[in-house]
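S.K.: Residue -2 is where the sequence shown starts when you use the numbering used here, and the numbers rise one by one after that.
Ideal placement from N, C-alpha and C gives every residue a C-beta, glycine not left out.
Take this structure first; my questions come after.
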Amino acid sequence: MTVRLRVAPSPTGDPHVGTAYMSLFNLAFVRQQGGQFVLRIEDTDRARFRADSEQQVFDMLSWLGLQWDEGPDKGGPFAPYRQSERLETYQPHVEKLLADGHAYYCWCTPERLQEMREDQQRRKVPTGYDRLCYGKTFEERAALPGCSDVPVVRMLIPDDPPLHFTDLIRGEVNAPMPDDQVILKADGFPTYHLAVVVDDHLMGITHVVRGEEWISSTPKHLLLFDWLGWERPAFAHMPLLRNVDKSKISKRKNPAARLTWFVEQGYLPEALLNFLGLLGYSLPSGEEIFTFSEMSESFDWTRVNTVGPVFDLDKLSWLNGHYIRELAEDDLAARLVPFLTEAGWYDGSAEHAALLAGSVPLIQTRMAVLSEVVDLLRFLFVADEDFVVDPVAVEKSLVGAVPVLTAAADALEPLTSWSTEAIQTAMDAALLDGLGLKRGKAYAPVRAAVCGSTIAPPLPESMALLGKDRVLRRLRGAPVL
């Protein structure tokens, strides 16, 4: 048997981090087994459909290096891979379910269904469709209140549905009793529950890997597989990613739920992949830092956690800092360019390229995310006329610092060799020996005046990169002078 797995996001907004999480685990198993990974777009929710979301899914998964073998953009033997292009595929199966007595038409209006649910809640009985339409013709149903002209199609759940099934991660699972789920909407589009079963079968999906929130829907899907005479796939329900307060991570509550947010903040794809893997999986060695290949080679469903992991951004930032430090300097410089360009400071000239290359060794160990380069190197790239000292730095480091700044400028001005060593030697002589200050106390106001902040790369190296003229102008033109 050829192992075939799929991920099936809905294009209803910015891609969710859960799509990457599921794709990672699907792909790790697929690559270990030598199978195929399918990307299918489930776009039957036309009310929430967003035209640009599909391309964002492609872009974000590609950025992470999670490449699929078949999909809307690549084609494949089971095309099309968009559900909206497969509508004629579902209708024959709906008709079979109706003919076999496993489904029925329902004409209830949304208003009538809402009233029904509210009544059930008042009476504190289980909510679910009350089968008012079951066994009735349209004429019989039209004689009763709350009847729509266009019906939906519902499953007829038997008294003994398959509530128990084996999960690759959780072992034996007991799911709750389902109600008569709608499988075909009034607009002719299938619901997720029908479309996912039909597509998984027709596309030869052997393992369905999805979030644990779908455990309650599994009995419905097993029924559909059985009714349509198809072999059931294996199921694995992953633990949900959670916020610090243990709630499900969502784009409404947490910006990190958006995959694009990680690009905007400057997380490395290799760090995010490692983090997502670490959230749900542990290597036999116990190592926390591992590559996709290492995860795939050791993959075992029994090593997947069953408890919903907390999305700890501090841990991700620590991992990201590790991966930043592992980059070659020219690679890191190239990844920093978009952030400096977006800030409006980097013009791609040879001068700017040289400044960036010279500054990378100074900041590589100081960054947790790439976007921090904007604050760290602002002093270096911003035009002199736009340079300002952070008011916090003025208050914290420059008040009362006139003698220090004057002594530093006077010591640096005669230098004929503008090197890191010469700068440090001159400042130490003037400030440590001359004024009797400790280095931290002496360098703080100089750093604030030259770099505009209390946080900056190593000071003598930064001054060497900035150049003598610019350093002297900033020292002699500091806000306190």
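Would residue 395 and residue 446 be called neighbours here (beta carbons separated by less than 8 Å)?
M.R.: The answer is yes: Cβ separation under 8 Å.
S.K.: Which residues in the same chain have their Cβ closer than 7 Å to the Cβ of residue 405, if we skip the five residues on either side of it in sequence?
M.R.: Excluding sequence neighbours, residue 405 sits near 424, 427, 428, 443 and 472.
S.K.: Compare the beta carbon distance of residue 479 and residue 176 with 8 Å and say whether it is the shorter of the two.
M.R.: Examination of residue 479 is not possible in this model, given that the chain is present from -2 through 478 alone.
S.K.: Going along the chain, which unbroken runs of the beta strand (DSSP E) with 3 or more residues stay wholly within the region 379 to 452?
M.R.: DSSP runs (the beta strand (DSSP E)) wholly in the region 379 to 452: none.
S.K.: Whose C-beta lies closer than 6 Å to the C-beta of residue 25 among residues of the same chain, with five residues either side of it excluded?
M.R.: Correct list, in chain order: 292, 293 and 296.
S.K.: Run through the DSSP bridge pairs and tell me what residue 11 is partnered with.
M.R.: Partner(s): none; residue 11 has no beta bridge.
S.K.: Decide if the region 366 to 380 is in contact with the region 342 to 356; the criterion is three or more beta carbon pairs, one per stretch, under 8 Å apart.
M.R.: The region 366 to 380, when compared against the region 342 to 356, does touch it at the 8 Å Cβ threshold.
S.K.: Helix, strand or coil: which one does DSSP assign to residue 119?
M.R.: In the structure shown, residue 119 sits in a helix (DSSP, three-state: H, G or I).
S.K.: Can we say the region 271 to 285 touches the region 207 to 223, given the rule of at least three CB pairs closer than 8 Å?
M.R.: No, the region 271 to 285 does not touch the region 207 to 223.
S.K.: Take every Cβ of the region 249 to 267, pair it with every Cβ of the region 8 to 15, and state whether three or more of those distances are shorter than 8 Å.
M.R.: Verdict: yes, contact present.
S.K.: Would you mind listing the alpha helix (DSSP H) stretches within the region 66 to 104 that are 4+ residues and don't spill past its ends, in chain order?
M.R.: With a minimum length of 4 residues, the continuous alpha helix (DSSP H) runs that stay inside the region 66 to 104 are 84 to 96.
S.K.: For the region 184 to 194 and the region 33 to 42, state whether three or more C-beta atom pairs, one from each stretch, are separated by less than 8 Å.
M.R.: Taking 8 Å as the limit for Cβ pairs, the verdict is that the region 33 to 42 does touch the region 184 to 194.
S.K.: Of all the options 402, 468, 357 and 15, which has the alpha carbon lying nearest to the alpha carbon of residue 321?
M.R.: The candidate whose alpha carbon is nearest that of residue 321 is 357.
S.K.: Going straight from the alpha carbon of residue 100 to that of residue 262, what length do you get?
M.R.: If I take the Cα positions, the gap works out to 49 Å.
S.K.: Hey, residue 367 and residue 400 are a contact pair by Cβ (cut 8 Å); roughly how many whole angstroms apart?
M.R.: At roughly 39 Å, the Cβ-Cβ gap does not stay under 8 Å, so residue 367 and residue 400 are not in contact.
S.K.: Going by Cα to Cα distance, which pick from 137, 449, 138 and 94 is closest to residue 383?
M.R.: For residue 383, the nearest C-alpha among the options comes from 449.
S.K.: How should residue 230 be labelled, buried or exposed, when 16 other C-beta atoms within 10 angstroms of its C-beta is the threshold for buried?
M.R.: That one is buried.
S.K.: Taking the alpha carbon of residue 468 as the reference point, which residue from 402, 436, 422 and 435 has its own alpha carbon closest?
M.R.: When only C-alpha atoms are compared, the closest one is 402.
S.K.: Using only the alpha-carbon positions, how far apart do residue 240 and residue 209 sit?
M.R.: Distance between the alpha carbons of residue 240 and residue 209: 16 Å.
S.K.: Within 10 Å of its beta-carbon, does residue 301 have 16 or more other beta-carbons around it, so buried, or fewer, so exposed?
M.R.: By the 10 Å Cβ count, residue 301 comes out buried.
S.K.: Excluding the 5 residues preceding and the 5 following residue 393 in the sequence, name in chain order all residues of the same chain whose CB lies nearer than 7 Å to its CB.
M.R.: Correct list, in chain order: 451.
S.K.: Please classify residue 145: does DSSP put it in a helix, a strand, or coil?
M.R.: Reduced to three states, the DSSP call for residue 145 is strand.
S.K.: With a threshold of 7 Å on Cβ separation, who are the neighbours of residue 480 within its own chain once the five nearest residues in sequence on each side are excluded?
M.R.: Limits of the chain in this structure are -2 at one end and 478 at the other, which puts residue 480 out of reach.
S.K.: Suppose you measure from the CA of residue 251 to the CA of residue 354; what does that come to, to the nearest Å?
M.R.: Computed Cα separation, rounded: 35 Å.
S.K.: Can you name, in chain order, every residue of its own chain whose Cβ lies under 6 Å from the Cβ of residue 156, other than the five neighbours on each side?
M.R.: Closer than 6 Å at the Cβ level, and outside the excluded window around residue 156, lies no residue.
S.K.: Taking the alpha-carbon positions, what's the residue 329 to residue 64 distance?
M.R.: Distance between the alpha carbons of residue 329 and residue 64 is about 23 Å.
S.K.: Straight-line CA distance for residue 21 to residue 245?
M.R.: Rounded to whole angstroms, residue 21 to residue 245 spans 19 Å at the Cα level.
S.K.: Contact check, residue 193 vs residue 5 under 8 Å by CB: the rounded distance?
M.R.: That belief holds up - the Cβ atoms of residue 193 and residue 5 are roughly 7 Å apart, short of 8 Å.
S.K.: For a quick check, are the C-beta atoms of residue 32 and residue 58 less than 8 Å apart?
M.R.: Against a cut-off of 8 Å, the Cβ pair of residue 58 and residue 32 comes out as no contact.
S.K.: Are there any heavy atoms of the ligand PLP lying less than 7 Å away from the beta-carbon of residue 253, as far as the coordinates show?
M.R.: No copy of the ligand PLP appears in this structure; indeed no ligand is present at all.
S.K.: What residue from 184, 178, 225 and 179 has the CA that sits closest to residue 198's CA?
M.R.: Nearest of 184, 178, 225 and 179 to residue 198, Cα basis: 225.
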